[in-house]
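J.: In our numbering, the protein residues as written are 2 to 186.
1) Please tell me whether residue 19 and residue 30 are closer than 8 Å, where the distance is taken between their beta carbons.
2) Is there at least one non-hydrogen atom of the ligand COA closer than 7 Å to the beta-carbon of residue 142?
3) Please list the segments of the beta strand (DSSP E) lying wholly inside the stretch 101 to 174, counting only runs of 3 or more residues, in order along the chain.
4) By Cβ distance below 8 Å, which residues in the same chain neighbour residue 133 in space, the five residues on each side in sequence not counted?
5) Is there contact here, the stretch 134 to 147 with the stretch 117 to 126, by at least three beta-carbon pairs under 8 Å?
6) Can you pull the DSSP bridge partners for residue 19?
7) On the DSSP letters alone, give me the boundaries of the alpha helix (DSSP H) that residue 9 sits inside.
8) With DSSP collapsed to three states, give me the class of residue 57.
9) Is the Cβ-Cβ distance between residue 40 and residue 72 less than 8 Å?
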């Protein structure tokens, strides 16, 4: 009794889009989460990058969730290629660079662009990345929390993909939110 058999495992696949301006660290966050790695040299995403991660949650030991993480190009000149990649997304992670106020200010545009395709009401998280560069910080934690409320994100996180700070909780919490939103738990 209490032993989980292979047949009792419930498996789910969910698509999560990771969006924000170019150079904010979306690719680095996804690499850190999926491969536990970080690359110092910036390589611009062209179109999209796709990664998967199987997630087992302590809270739900009989669930196995496979996250499909779509890291989309953030430069404005790629805006025409992004909308098809949003289709089918069950959640959104909005990322900005704590050292670049303009990337923070553009989150409202990102929300609008994504919602034109997938509608509103999908679970989302807001992440201020590059917390390791505190001496260059341009956006305060209170501002991040205020923007979280403005865009109706479920959480605001400050992270450093480089130092592996705060990245994993973002994806754990978005997974829990997806499960709750899709009424699987």
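C-beta atoms are modelled at their ideal positions from N, C-alpha and C, and glycine is treated no differently.
These figures come from a predicted structure and were not determined experimentally.
T.: Per the coordinate set shown:
1) As a first step, residue 19 must be located in the chain shown, where it is residue number 18. As a first step, residue 30 must be located in the chain shown, where it is residue number 29. The answer is yes: Cβ separation under 8 Å.
2) Absent from the structure shown: the ligand COA. Ligands present: none.
3) 125 to 130 and 156 to 160
4) Counting from one through the chain shown, the residue named residue 133 turns up at place 132. Closer than 8 Å at Cβ, skipping near neighbours: 161, 163, 164 and 166.
5) no
6) To locate residue 19, count along the chain shown from 1; it is residue 18. Residue 19 is bridged to 72 and 94.
7) The sequence position of residue 9 within the chain shown is 8, counting from 1. Residue 9 -> no alpha helix (DSSP H), and no H or E assigned at all.
8) In the chain shown, counting from the first residue as 1, residue 57 sits at position 56. If DSSP states are grouped into helix, strand and coil, residue 57 belongs with the strands.
9) Locating residue 40 in the chain shown gives position 39, counting from the first residue. Locating residue 72 in the chain shown gives position 71, counting from the first residue. Contact flag unset, no.
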